[in-house]
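18 is the number that the working numbering gives to position 18 of the sequence shown; each next residue is one higher, with no gaps. Don't be surprised by glycine CBs; every beta carbon is placed ideally from N, CA and C. Since this is a predicted model, take the numbers as computed values, not measurements. To keep things clear, I will list the structure first and then write my remarks on it.
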Amino acid sequence: MREHLRGKSDHLEMEYQLHHRDGSVRWFLSCGRVLRDELGRPSHWVGFDWGASEGWLREEELELARKKYATLFHRSPVPIALATYPEGRSTSDSTRAAA
């Protein structure tokens, strides 16, 4: 935000969280730009704030699922191979070292 207020960018996109009085955390996305007065000083903000908690929750759940899957895949006592369909090319092999 400081860089935008200093005139170093045309627009601003910023993610932030607020703590609701019920104890939950709400995520927001702000997009817009600062309008300046005749002396070049910031005078108004034009843009929008979007409540994006649901999207962040889904993203966090997806990341958790990816981590669980990777752990199961790489620690499996039996070999697991993933392949593309219909080509049948191997894309992953649990016997390879985890990256």
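Residues of its chain near residue i, where Cβ-Cβ distance is below 8 Å and the 5 sequence neighbours each way are ignored
i, result
"TRP50", "PHE28, LEU29, SER30, CYS31"
"GLY40", "GLY7"
"ALA52", "GLU15, TRP27, PHE28, LEU29"
Assigned secondary structure, residue i (DSSP; H/G/I helix, E/B strand, else coil)
i, result
"HIS74", "helix"
"ASP10", "coil"
"LEU18", "strand"
Segment limits, beta strand (DSSP E) that includes residue i
i, result
"LEU33", "In the sequence on display, residue 33 carries Arg and not Leu. ARG33 -> beta strand (DSSP E) spans 25-36."
"HIS44", "42-51"
Test: residue i CB closer than 8 Å to a CB of chain D
i, result
"LEU39", "No chain D is present in this structure, which holds just one protein chain."
Terminal residues of the alpha helix (DSSP H) in which residue i lies
i, result
"LEU5", "2-5"
Length of the line joining the Cα atoms of residue i and residue j
i, j, result
"ARG36", "PRO42", "4 Å"
"ALA188", "GLY23", "In the structure displayed, the chain extends from 1 to 99; residue 188 sits before or after that span and is not available."
"HIS19", "LEU5", "25 Å"
"PHE48", "LEU72", "42 Å"
"LEU12", "TRP45", "10 Å"
"GLU74", "MET1", "The sequence given here places His at residue 74; Glu does not occur at that position. Their backbone Cα atoms lie some 41 Å apart in a straight line."
"SER76", "ALA70", "10 Å"
"VAL78", "LYS67", "19 Å"
"ILE117", "ASP10", "The shown model of the chain, from 1 to 99, leaves out residue 117, and the question about it has no answer."
Neighbour-count burial assignment, residue i, 16 or more Cβ in a 10 Å radius
i, result
"VAL34", "buried"
Beta-carbon proximity list for residue i, same chain, < 6 Å, skipping 5 on both sides
i, result
"GLN17", "VAL25, TRP27"
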